[in-house]
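Protein chains in written order, with the working numbering: chain A, 64 to 484; chain B, 64 to 484.
Structure representation (structure tokens):
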């Protein structure tokens, strides 16, 4: 169950006032990103299944009610109504994994005004976070040109939960796996990892450390080779392999990465050890990957952490959850710089020669002869289809990337046409 | 209990290898920030109590062990040992709320190597997140010159948990409260909030919305006045107050904030309504606050969200958890650009005329005639003092800010001298 207190106070003050004034007519709220910002060409919709589970289990325990009573702000009538709160509305959404743009509704919620209002914070928090991370991670995937990318971000994620759902988002975006065991257990994401510098340092020397690790994990371990002298460590790896010990890969976490990788690759290749792969980590982000891959640096696998799990170049999206219809009337906020489009919307995607050409955001029920992205997923508080697997969600990313024009996939800024009808 | 899977896989592969090779001698790990980065002059240590609770309850359930067994990587001997894992080491730390700098150990952990290694990810995640947010939030507090600052960040925090502990960090830094009810309930932080634009939009017009809200909350509500026309709404507020209705404050969330605030203030003052306060929200960050306060814009309260809860200008710290001693030997990693100082350390702070002059980071047990910041907090896996209250922790921030040289408190970059002995 998701505790009812995971919300902002104002959701509940508004609710009490809605109740006082009988304002329980049908409302439609739309969740969308206003502007993709300077660094993103597209979004990967993410977090929907997590959000649905949270919304459908959102409720107030007696302890929650007791806390709210202690604030001396709410009526007993209202607190009694809260105790019976269950989400009873409809949710329309773009399926997780689909590619999206600014001004396009990711999630739309319809139902009685208070029922849809109170889950605003919950819906925003979950969809914002996972869409943010998936939309960042997919850039590493496109930049790496098919080479595996792994999430090492847990330690710098903004909370343990941020690391957990961040790992989910990176896997949907196309990462090969994560170092995060909780994510491995919760979502069956493949897990990766070997050793830290502290492991190497705890032995008298690097050779003893490598031998000890191979002894513990004889089935092709990955050895961290940059603790003292990366090149000397590469020669040591060669010596150990010549003795018959197995090494799957070496990891380089610091220093002049392109130069070290080339030199280590040359050392390994000159000894006919081309099957030993090179994994690079340590503050890597998508522009590094892009630059190194285009420069022909022979890296096999990328482990990325901080920059991806915090979306450090753009750590938030301009995402909003706006009332767009109430009691059949269109609703629009006119404040400067912030415009809301009224009514429930459909997104229609048009292709030219199999390539995405433009999207049209149209009023629900009109002009839907193209590909329609928005689907009903919850009706009257009930999920109307089962959750897809993460692999199925990831397949949607793959399909959309395959049909996306090249300029959008590049790390340079490009704008896809979205027509607002 | 904190589940054992909230860690990186490599912590456990290292652990199995330590067990295989009898490597359980005494180790010291040091958690510190390498470099404060371009935007921070100091850190506010934060997250210690949360981290201690997590470390002391860190354990592996049968379900955790079953998942680890399914990875086909671990020996039964090792999994059996994990089932009995409890943290049995010592923790030395700078108390939460103290001001700190780069290269200074925030937390030091001493004990058997595997016991201290396995909690690396957990300790880093928790201390990094809360220290990051407290160190960002304190900049709003110093910039606001005593005016209340409130956290409205939950919706854009990187997970619900990030919003919860982020609110804790902002309150320690000096925020007056939060909109986050879970944080209010969990940490007894004062909660704030009134209405969203959707509330106003759900009524036929603004006047009806204001009247309805005041009817529900007659005890001096805050009214959101920027949904349609901020100036017209200010005149409407005047009219309602003249009728005898109570209004505590107005909130402006968009538009040209300084111009609107001045104009609204003038309207209210000309009607002798100087007691009605003006609250500003909507993408506010510390440089806005600084600029508006120095420009004399008559804002009474700031509500900040996204920029603070994501530390958006610098969403991570270069924080590391490094082995600095094993079995009595100093440990240092020599990779270029990353240097670790060996041994357990004390931080000695020197004052001149009551103002912080410089810090010395010295080997534990030497030269401690000044103010020593590092204290033992856990011994043999047992907490050796009770947790302070958040108000006590916040008092430490207040004391340190009062003794801090002015150049550090400014939003311009300044470097405090830290001498490494």
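Even for Gly, the Cβ is constructed at its ideal location relative to N, Cα and C.
(message) Using 8 Å as the threshold, is the C-beta distance between residue 73 of chain B and residue 256 of chain A below it?
(response) In this structure, residue 256 of chain A lies closer than 8 Å to residue 73 of chain B by Cβ.
(message) Mapping the DSSP letters down to three states, classify residue 310 of chain A as helix, strand or coil.
(response) Here residue 310 of chain A sits in coil by DSSP.
(request) To the nearest angstrom, report how far apart residue 126 of chain B and residue 254 of chain A are at their CA atoms. (result) If you draw a straight line from the Cα of residue 126 of chain B to the Cα of residue 254 of chain A, it comes to about 17 Å.
(request) Can you give me the start and stop residues for the alpha helix (DSSP H) that residue 81 of chain A sits inside? (result) It spans 72-83 - the alpha helix (DSSP H) in which residue 81 of chain A sits, taken as one unbroken run.
(request) Have a look at residue 342 of chain B and residue 354 of chain B and give me their C-alpha separation to the nearest angstrom. (result) Whole-angstrom Cα-Cα distance: 16 Å.
(message) For the pair the region 452-468 of chain A and the region 140-158 of chain B, tell me if three or more CB-CB distances fall below 8 Å.
(response) They do not touch, by the three-pair rule.
(request) Put residue 221 of chain B into one of helix, strand or coil per three-state DSSP. (result) Here residue 221 of chain B sits in coil by DSSP.
(request) Quick one: residues in its chain with C-beta nearer than 6 Å to the C-beta of residue 114 of chain A, no 5 flanking neighbours on either side, listed in chain order? (result) Within the same chain, residue 114 of chain A has close Cβ partners 186, 189, 190.
(message) Cβ closer than 7 Å: which chain A residues qualify as neighbours of residue 35 of chain B?
(response) Chain B is shown from 64 up to 484; residue 35 of chain B falls before or after that span and cannot be answered.
(request) Just the chain A side, please: which residues come within less than 8 Å of residue 224 of chain B by C-beta, in chain order? (result) Those within 8 Å of residue 224 of chain B in chain A are 222, 223, 224, 225.
(request) With 8 Å as the threshold, decide whether the Cβ of residue 192 of chain A is near any Cβ in chain B. (result) It does; some Cβ of chain B falls within 8 Å.
(request) Would you mind working out which of A:178, A:182, A:369 sits nearest residue 225 of chain A, comparing C-alpha positions? (result) Of the listed residues, the one whose Cα sits closest to residue 225 of chain A is A:369.
(request) Within 10 angstroms of the Cβ of residue 168 of chain B, are there 16 or more other Cβ atoms? Answer buried if so, exposed if not. (result) It counts as buried.
(message) On the DSSP letters alone, give me the boundaries of the beta strand (DSSP E) that residue 389 of chain B sits inside.
(response) It spans 382-389 - the beta strand (DSSP E) in which residue 389 of chain B sits, taken as one unbroken run.
(message) Please report the distance separating the alpha-carbon of residue 249 of chain B from that of residue 228 of chain B.
(response) Distance between the alpha carbons of residue 249 of chain B and residue 228 of chain B is about 10 Å.
(message) Three Cβ pairs or more, each shorter than 8 Å: is that satisfied between the region 78-97 of chain B and the region 444-454 of chain A?
(response) With the cut-off at 8 Å, the region 78-97 of chain B and the region 444-454 of chain A do not touch.
(request) Under the assumption that residue 171 of chain B contacts residue 382 of chain B (Cβ atoms under 8 Å), give the Cβ distance between them as a whole number of angstroms. (result) No, residue 171 of chain B and residue 382 of chain B are not in contact; Cβ-Cβ is about 14 Å, not under 8 Å.
(request) Take the Cβ of residue 385 of chain A as the centre, count every other Cβ of all protein chains shown within 10 Å, and call the residue buried at 16 or more, exposed below. (result) So residue 385 of chain A ends up on the buried side.
(message) Taking 8 Å as the threshold (beta carbon to beta carbon), is residue 140 of chain B in contact with chain A?
(response) Not closer than 8 Å to any Cβ of chain A, the Cβ of residue 140 of chain B fails to qualify, so no.
(request) Indicate whether residue 231 of chain A and residue 193 of chain A have their beta-carbon atoms separated by less than 8 Å. (result) Yes, the pair counts as a contact, with Cβ atoms nearer than the cut-off.
(request) Tell me, please, whether the CB atom of residue 218 of chain B is closer than 8 Å to any CB atom in chain A? (result) Yes, its Cβ sits closer than 8 Å to a Cβ of chain A.
(message) By alpha-carbon positions, which one of B:272, B:328, B:241 ends up nearest to residue 371 of chain B?
(response) Per the Cα distances, B:241.
(request) Show which residues of chain B have a CB atom less than 7 Å away from the CB atom of residue 378 of chain A. (result) For residue 378 of chain A, the chain B residues whose Cβ falls inside 7 Å of its Cβ are 373, 375, 378, in order along the chain.
(request) Give the range of the alpha helix (DSSP H) segment to which residue 133 of chain B is assigned. (result) Here the alpha helix (DSSP H) through residue 133 of chain B covers 125-133.
(request) Assign residue 240 of chain B to one of three DSSP states: helix, strand, or coil. (result) In the structure shown, residue 240 of chain B sits in a strand (DSSP, three-state: E or B).
(message) Quick check on the DSSP output: the beta strand (DSSP E) that includes residue 92 of chain B runs from which residue to which?
(response) Residues 89-96.
(request) Starting from the Cα of residue 426 of chain B, find the closest Cα among B:338, B:483, B:266, B:217 and give me that residue. (result) Taking only the C-alpha atoms, the option nearest residue 426 of chain B is B:483.
(request) Return the chain-ordered ranges of every alpha helix (DSSP H) run that is complete within the region 309-389 of chain B and spans a minimum of 4 residues. (result) Listed in chain order, they are 320-333, 349-357, 369-372.
(request) May I ask you to report which of helix, strand or coil DSSP gives residue 99 of chain A? (result) DSSP places residue 99 of chain A outside both helix and strand once states are collapsed to three, so it counts as coil.
(request) Measuring alpha carbon to alpha carbon, tell me which of A:477, A:279, A:288, A:472 ends up nearest residue 268 of chain A. (result) Ranking A:477, A:279, A:288, A:472 by CA distance to the CA of residue 268 of chain A puts A:288 first.
(request) From the DSSP output, in three-state form, read off residue 262 of chain A for me. (result) Three-state result, residue 262 of chain A: helix.
(request) Closer than 9 Å, Cβ to Cβ, to anything on chain A: give me those residues from the region 68-93 of chain B, in chain order. (result) Taking 9 Å as the Cβ-Cβ cut-off against chain A, the residues of the region 68-93 of chain B that qualify are 68, 69, 70, 71, 72, 73, 74, 75, 76, 77, 79, 80, 81, 82, 83, 84, 86, 88, 90, 92.
(message) Less than 8 Å between the beta carbons of residue 214 of chain A and residue 367 of chain A, yes or no?
(response) Yes, the pair counts as a contact, with Cβ atoms nearer than the cut-off.
(request) Give the secondary structure of residue 106 of chain B by DSSP, where H, G and I count as helix, E and B as strand, and everything else as coil. (result) Note: residue 106 of chain B maps to strand in three-state DSSP.
(request) Could you tell me the distance, in whole angstroms, from the CA atom of residue 140 of chain A to the CA atom of residue 261 of chain B? (result) Put simply, the backbone Cα of residue 140 of chain A is about 23 Å away from that of residue 261 of chain B.
(request) Could you tell me whether the Cβ of residue 258 of chain B comes closer than 8 Å to any Cβ of chain A? (result) It does; some Cβ of chain A falls within 8 Å.
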